[in-house]
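> Under UniProt numbering, think of the first position of the sequence shown as 1, with each following residue one higher. We put the CB at the ideal spot given by N, CA and C, even for glycine. Predicted, not measured: the structure shown is a model, and the values here were computed from it. Structure in structure tokens, see below.
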Amino acid sequence: MHPFRVSSLLTSHPNHGTWFFFIIIGIQEMEYKDHYAMEDRYAAFFQGLFDPVITVPSLKIGQTIEVVFKNPPTGYLSFNLVTAASDVALHFNPHYTDDGGYVVLNSLIHGAWQEEEKPTGYPFPADNVQTMVTVHITVGQSKFTISVNGIEFATFNYRPGLSYETVRHMTWNAPSEAILESIKIKF
Numbered sequence: 001m002h003p004f005r006v007s008s009l010l011t012s013h014p015n016h017g018t019w020f021f022f023i024i025i026g027i028q029e030m031e032y033k034d035h036y037a038m039e040d041r042y043a044a045f046f047q048g049l050f051d052p053v054i055t056v057p058s059l060k061i062g063q064t065i066e067v068v069f070k071n072p073p074t075g076y077l078s079f080n081l082v083t084a085a086s087d088v089a090l091h092f093n094p095h096y097t098d099d100g101g102y103v104v105l106n107s108l109i110h111g112a113w114q115e116e117e118k119p120t121g122y123p124f125p126a127d128n129v130q131t132m133v134t135v136h137i138t139v140g141q142s143k144f145t146i147s148v149n150g151i152e153f154a155t156f157n158y159r160p161g162l163s164y165e166t167v168r169h170m171t172w173n174a175p176s177e178a179i180l181e182s183i184k185i186k187f
């Protein structure tokens, strides 16, 4: 496992108000058993003030991306597995509502969102209490398998032209109550 942590920082400027942004701590060179291109040899880098863009090394079948975060009590969050062409191979978007919630899975191809998939069930705490959540996205031959807190929740078939081979980075978009704790790639 090659973890790194994402921490938030709140800073203030007298003329420009308060700014909230993320800092990735512990950027490290990854040790690979296989030969990878030099641009893939780092676990992550920060590229933006508010919604971090995190580099994902070349994925292989059987690898798992682990995302750990504190869920918001209400609202939504999302993270995306994005290609070099800015298409979204997987959009994972849980919505927290007063009566439970739902999850949206989707892809973005050439700037157009595709048909949404809403898996049955809701794998997050029903009482909307902020708790730590662990999401595993496992790479398969034709689909991603998604588990939440150790329970398989959904599968998402690769859309035409998109697969694990095209993923280059991950984005995170969430309210300040949702705290991204860590991202790990398990080999």
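How would you label G62, buried or exposed, when you count the other beta carbons within 10 angstroms and need 16 or more for buried?
Here residue 62 refers to the residue found at position 62 when the sequence shown is read from its first residue. Flag for G62 reads exposed.
> Hey, would you say V139 sits closer than 8 Å to V148, going by beta carbons?
Start at 1 with the first residue of the sequence shown, and residue 139 comes out as number 139. Start at 1 with the first residue of the sequence shown, and residue 148 comes out as number 148. It is not a contact, given that the beta carbons lie outside the stated cut-off.
> On the DSSP bridge assignment, give the partners of V133 in chain order.
Counting from 1 along the sequence shown, the entry for residue 133 is found at position 133. In DSSP, V133 forms a bridge with F69.
> Just the Cα atoms here: how many angstroms apart are K70 and T131?
As a position in the sequence shown, residue 70 is number 70, starting the count at 1. As a position in the sequence shown, residue 131 is number 131, starting the count at 1. Rounded to whole angstroms, K70 to T131 spans 5 Å at the Cα level.
> Residue range of the beta strand (DSSP E) that I54 falls in?
Walking along the sequence shown from the start, residue 54 turns up at place 54. Residues 53 to 55.
> Does the distance from the C-beta atom of L77 to that of V167 stay below 8 Å?
What you label residue 77 is simply residue 77 of the sequence shown in a count that begins at 1. What you label residue 167 is simply residue 167 of the sequence shown in a count that begins at 1. Going by C-beta atoms, L77 is not nearer than 8 Å to V167.
> Buried or exposed: where does residue 188 fall if 16 or more other Cβ atoms within 10 Å of its Cβ makes it buried?
Outside the shown range of the chain (1 to 187) lies residue 188, about which nothing can therefore be said.
> Buried or exposed: I151, going by 16 or more other Cβ atoms within 10 Å of its Cβ?
In the sequence shown, counting from the first residue as 1, residue 151 sits at position 151. It is exposed - the Cβ of I151 has fewer than 16 other Cβ atoms within 10 Å.
> Report yes or no: is there a C-beta of chain C within less than 8 Å of the C-beta of L90?
Judged by its chain identifiers, the structure shown contains no chain C, having just a single protein chain.
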